[in-house]
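Numbering (my numbering), first residue to last: 5 to 607.
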Amino acid sequence: MAETDNKTGAKSPFVIKKISWDGLKITLKLFRYILPYKGVFIAGMIFLVLSTATSLAFPKLIGSVVEVMDGKSKYTINQVTLFLFVILIFQAIFSFFRIYLFTIVSEKSMLDIRTDVFSRIITLPVTYLEQKRVGELTSRITSDVSQLQGLLSFTVAELFRQIATLIVGIAILFYTSWKLTLFMLATFPLLVVASGFFGRYMRRLSKKAQDELAAANVVAEETLQSVNVVKAFTNEHLEIKRYTTILSRVVDLSLYAAKFRGGFTSFVILALFGGIAGVVWYGAGLVQSGEIHLADLFTFILYTTFIGASISGMGDLYAQINKTVGSSERLFEILEEPAEITIEESASVPASMVTGHVTYQDIHFSYPSRSDLPVLRGISFDIKAGEKIALVGYSGAGKSTIIQLLLRFYNYNSGQILVDGKPLTEYGISEIRKNIAVVPQEVMLFGGTIQENILYGKPSATPVEVYDAAKRAHALEFIDTFPEKMDTIVGERGIKLSGGQRQRIAIARAILKDPKILILDEATSSLDAESEKLVQIALDELMKNRTTIVIAHRLATIRKVDQIYVIREGQIAESGTHQQLSLMDNGLYANLIKLQFETAESL
Ligand SMILES: Nc1ncnc2c1ncn2[C@@H]1O[C@H](COP(=O)(O)OP(=O)(O)OP(=O)(O)O)[C@@H](O)[C@H]1O
Numbered sequence: 005m006a007e008t009d010n011k012t013g014a015k016s017p018f019v020i021k022k023i024s025w026d027g028l029k030i031t032l033k034l035f036r037y038i039l040p041y042k043g044v045f046i047a048g049m050i051f052l053v054l055s056t057a058t059s060l061a062f063p064k065l066i067g068s069v070v071e072v073m074d075g076k077s078k079y080t081i082n083q084v085t086l087f088l089f090v091i092l093i094f095q096a097i098f099s100f101f102r103i104y105l106f107t108i109v110s111e112k113s114m115l116d117i118r119t120d121v122f123s124r125i126i127t128l129p130v131t132y133l134e135q136k137r138v139g140e141l142t143s144r145i146t147s148d149v150s151q152l153q154g155l156l157s158f159t160v161a162e163l164f165r166q167i168a169t170l171i172v173g174i175a176i177l178f179y180t181s182w183k184l185t186l187f188m189l190a191t192f193p194l195l196v197v198a199s200g201f202f203g204r205y206m207r208r209l210s211k212k213a214q215d216e217l218a219a220a221n222v223v224a225e226e227t228l229q230s231v232n233v234v235k236a237f238t239n240e241h242l243e244i245k246r247y248t249t250i251l252s253r254v255v256d257l258s259l260y261a262a263k264f265r266g267g268f269t270s271f272v273i274l275a276l277f278g279g280i281a282g283v284v285w286y287g288a289g290l291v292q293s294g295e296i297h298l299a300d301l302f303t304f305i306l307y308t309t310f311i312g313a314s315i316s317g318m319g320d321l322y323a324q325i326n327k328t329v330g331s332s333e334r335l336f337e338i339l340e341e342p343a344e345i346t347i348e349e350s351a352s353v354p355a356s357m358v359t360g361h362v363t364y365q366d367i368h369f370s371y372p373s374r375s376d377l378p379v380l381r382g383i384s385f386d387i388k389a390g391e392k393i394a395l396v397g398y399s400g401a402g403k404s405t406i407i408q409l410l411l412r413f414y415n416y417n418s419g420q421i422l423v424d425g426k427p428l429t430e431y432g433i434s435e436i437r438k439n440i441a442v443v444p445q446e447v448m449l450f451g452g453t454i455q456e457n458i459l460y461g462k463p464s465a466t467p468v469e470v471y472d473a474a475k476r477a478h479a480l481e482f483i484d485t486f487p488e489k490m491d492t493i494v495g496e497r498g499i500k501l502s503g504g505q506r507q508r509i510a511i512a513r514a515i516l517k518d519p520k521i522l523i524l525d526e527a528t529s530s531l532d533a534e535s536e537k538l539v540q541i542a543l544d545e546l547m548k549n550r551t552t553i554v555i556a557h558r559l560a561t562i563r564k565v566d567q568i569y570v571i572r573e574g575q576i577a578e579s580g581t582h583q584q585l586s587l588m589d590n591g592l593y594a595n596l597i598k599l600q601f602e603t604a605e606s607l
């Protein structure tokens with residue numbers, strides 16, 4: 005986790021920036037998401053102009069009321085009030101449409117942005133994703149996109165309204181009385197300079213507080229994700245402490261920032277009302293000397309408050325835009341990251357029907373994140389179509405890595421992997437993955453029905469196919485015991501399945517996918533004898549006529565394979581059949597078997 009420092013944030017790792025031109029350019033790219041809704045957006049802009057115009061007419065009308073009272077108007081008080089009401093009603097209608105139309109645009113474009121970001125995240129290469137925390141990526145889709153929503157539904161409208169209020173307001177003021185306007189403007193530079201100064205400091209603090217809060221969320225999320233581990237270690241108090249420590253930093257920062265915000269607001273109020281008091285004083289003199297009417301003074305003061313409010317609102321707006329720029333930079337960083345596959349490709353690529361002849365030729369590999377540490381150091385083997393091999397070896401020897409390369413999660417550094425004689429790199433990523441099914445150690449079930457979970461292997465399968473796959477995976481044995489059968493909800497909000505049951509669901513998925521190459525990453529945890537037997541029968545069924553690579557932990561599977569490769573420190577230390585290897589004196593495999601046998605006996 006990034007270290008945070010003391011309150012002054014002198015060396016904060018969170019970069020605090022002024023709005024840069026580059027950042028703004030990135031933010032402007034967001035408007036391409038508005039393009040599909042440009043008609044609605046333009047309509048919203050028209051209503052925005054209208055509602056701003058009506059609100060700007062308001063001080064003028066109040067002035068007219070005063071004119072009537074002063075006996076200097078040709079209209080009656082009722083006429084002017086009626087007109088005022090009509091304007092108010094129009095303003096209400098315009099505001100309604102402005103808000104509604106902008107919300108349509110912002111909600112719909114947010115939907116598009118979220119979909120794009122989500123699609124991009126899940127199509128990014130594993131190498132990119134593993135550098136990021138899950139919490140960080142989800143906050144891209146949630147908080148960063150929400151920040152943009154503010155831009156479209158609120159900030160654009162506010163920016164326009166405030167700029168229009170400033171320009172039109174000042175123009176009207178000059179028209180009403182240039183002397184009084186110049187007097188009023190004399191107070192402005194002070195306000196602007198001070199708000200610039202305070203505003204910048206406050207933005208820095210609020211950005212820090214925001215980042216701290218995000219870090220707190222990551223902590224909460226991580227804890228919740230592995231809540232069972234926390235409980236098992238009875239480390240609740242540690243987690244609570246971790247969370248509250250970071251939260252109290254957020255509070256400290258926010259309170260510190262609040263002092264400045266409070267101070268700034270007091271200053272603005274003083275300066276604003278001081279300015280108004282000054283204008284009233286000077287204006288009263290002008291009215292007395294007959295230079296302007298009383299009504300004009302009223303109008304003038306109202307416009308001055310409007311303008312004052314606009315100026316003080318600018319600081320907030322700046323902060324909003326700044327946050328938006330930050331969010332868009334983070335979003336475009338993901339959106340512009342090259343994906344490994346496109347969604348269309350993954351959906352439409354037909355599985356290139358390979359026969360399943362897999363060859364590893366002198367594969368060398370190190371993980372990009374630890375490029376100095378060779379993990380595979382010259383792995384070579386050949387598996388004929390339909391043959392079965394097992395990879396065995398101590399933990400960390402490189403077995404899973406061998407598989408990850410076949411799935412093209414990473415690119416190997418040298419050597420070549422061939423499938424049916426053709427280099428792996430010449431296949432499309434989706435194409436190759438469609439030919440491989442993985443039955444992992446830890447089977448992940450999605451929240452949904454058993455049917456949906458099996459369908460994951462082949463989304464286009466018919467219910468009959470799903471049923472058949474479940475039957476062949478020996479999953480019907482337990483599915484039929486549930487009242488809702490295939491429609492039983494599993495996952496977070498449904499029933500929890502046992503390890504053996506989950507494995508049989510995974511096997512059913514693989515049967516449905518029906519690939520030529522199968523990868524079995526055996527669960528290390530042992531199942532009870534009954535489950536073990538059923539899982540084994542299901543696996544035997546699954547392995548028929550498929551090239552199979554087993555990361556083996558259980559003797560039952562290993563005995564049946566054609567060839568066993570013992571991996572040690574990224575190299576093949578021994579190879580042969582179970583028979584051959586177990587007879588080798590002092591052989592690694594023979595030792596492993598002995599070890600497993602002893603462990604099994606001691607249990
Ligand atoms: N994503 C990764 N980034 C960096 N190093 C990794 C990564 N995954 C694994 N390693 C390292 O690569 C080496 C081989 O790991 P691998 O997972 O292939 O071993 P394994 O034989 O499958 O072990 P196990 O039986 O425990 O699953 C280990 O030293 C591990 O720390």
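Each residue gets a CB set at the ideal place from its N, CA and C atoms; glycine is no exception.
Bear in mind the structure is a predicted one, so any value in this text is a computation, not a measurement.
Neighbourhood of residue i by C-beta distance below 7 Å, restricted to the same chain and skipping five residues each side
i: Phe4; result: This structure leaves residue 4 out entirely; the chain is present only between 5 and 607.
i: Val222; result: Arg137, Gly139 and Glu140
i: Ile20; result: Below a pLDDT of 50, predicted positions are generally treated as unreliable, and Ile20, at 41, falls in that range; the measurement from the model is reported next regardless. Cβ within range, chain order: Arg208 and Lys211.
i: Pro63; result: Thr303, Leu306, Tyr307 and Phe310
i: Leu189; result: none
i: Ala594; result: Leu585, Ser586 and Met588
Residue interval of the beta strand (DSSP E) (run including residue i)
i: Asp525; result: Ile521 to Asp525
Beta-bridge pairing of residue i - partner residues as DSSP gives them
i: Tyr569; result: Leu395 and Ser579
i: Ala441; result: Leu522
i: Thr552; result: Lys392 and Leu522
i: Gly452; result: Val494
i: Ile499; result: Val494
i: Lys426; result: Val423
Residue span of the alpha helix (DSSP H) that contains residue i, given as start and end
i: Leu163; result: Val160 to Thr180
i: Ser24; result: Where Ser24 is concerned, there is no enclosing alpha helix (DSSP H), given that its DSSP letter is neither H nor E.
i: Lys235; result: Val231 to Ala236
i: Lys41; result: Note on residue identity: the sequence assigns Tyr, not Lys, to residue 41. No alpha helix (DSSP H) contains Tyr41, which DSSP labels as neither H nor E.
i: Asp74; result: Counting along the chain, Asp74 falls outside any alpha helix (DSSP H), and DSSP gives it neither H nor E.
i: Glu481; result: Leu480 to Ile483
i: His241; result: Glu240 to Gln292
i: Tyr471; result: Pro467 to Arg476
Nonlocal neighbours in the same chain, by C-beta distance under 6 Å from residue i, ignoring five residues either side
i: Gly279; result: Thr191
i: Phe486; result: Thr492
i: Ala542; result: Ala477, His478, Arg508 and Ile511
i: Ile108; result: Val44
i: Leu377; result: Ser370
i: Ser418; result: His368
i: Ser181; result: Ile296
i: Met5; result: Residue placement at Met5 is flagged as unreliable, the pLDDT there being 34, under the threshold of 50; a coordinate-derived value is accordingly withheld.
i: Leu65; result: Leu88
Proximity of residue i and residue j at Cβ, strictly below 7 Å
i: Val115; j: Ala47; result: This sequence places Leu at residue 115; Val is not what is there. Not closer than 7 Å, so no.
i: Ser579; j: Ile597; result: no
i: Gly495; j: Leu459; result: no
i: Val539; j: Gly504; result: yes
i: Thr657; j: Ile483; result: As shown, the chain starts at 5 and ends at 607. That puts residue 657 outside it, with no answer to give.
i: Ala610; j: Ala512; result: Nothing can be reported for residue 610, as the shown portion of the chain is limited to 5 through 607.
i: Thr610; j: Ala168; result: The structure shown does not extend to residue 610, since the chain spans only 5 to 607, so no value can be given for it.
i: Gln445; j: Met490; result: no
i: Asp148; j: Glu391; result: no
i: Leu395; j: Lys403; result: yes
i: Leu163; j: Leu274; result: no
i: Arg102; j: Leu52; result: yes
i: Glu534; j: Arg558; result: no
i: Ala389; j: Gly425; result: no
i: Arg118; j: Ile93; result: no
i: Gly317; j: Gln166; result: yes
Proximal residues to residue i (C-beta, below 8 Å), its chain only, five neighbours per side dropped
i: Ala224; result: Tyr247
i: Pro427; result: Gln420 and Ile421
i: Ile81; result: Val69, Val72 and Met73
i: Leu177; result: Leu184, Thr185, Met188, Phe304, Tyr307, Thr308 and Ile311
Mind pulling the alpha helix (DSSP H) runs of 4 or more residues that sit fully within the segment 329-417?
347-352 and 403-410
Output the residue ranges of the alpha helix (DSSP H) runs that lie fully inside the segment 122-156 and measure 4 residues or longer, sorted by chain position.
130-133, 138-143 and 149-154
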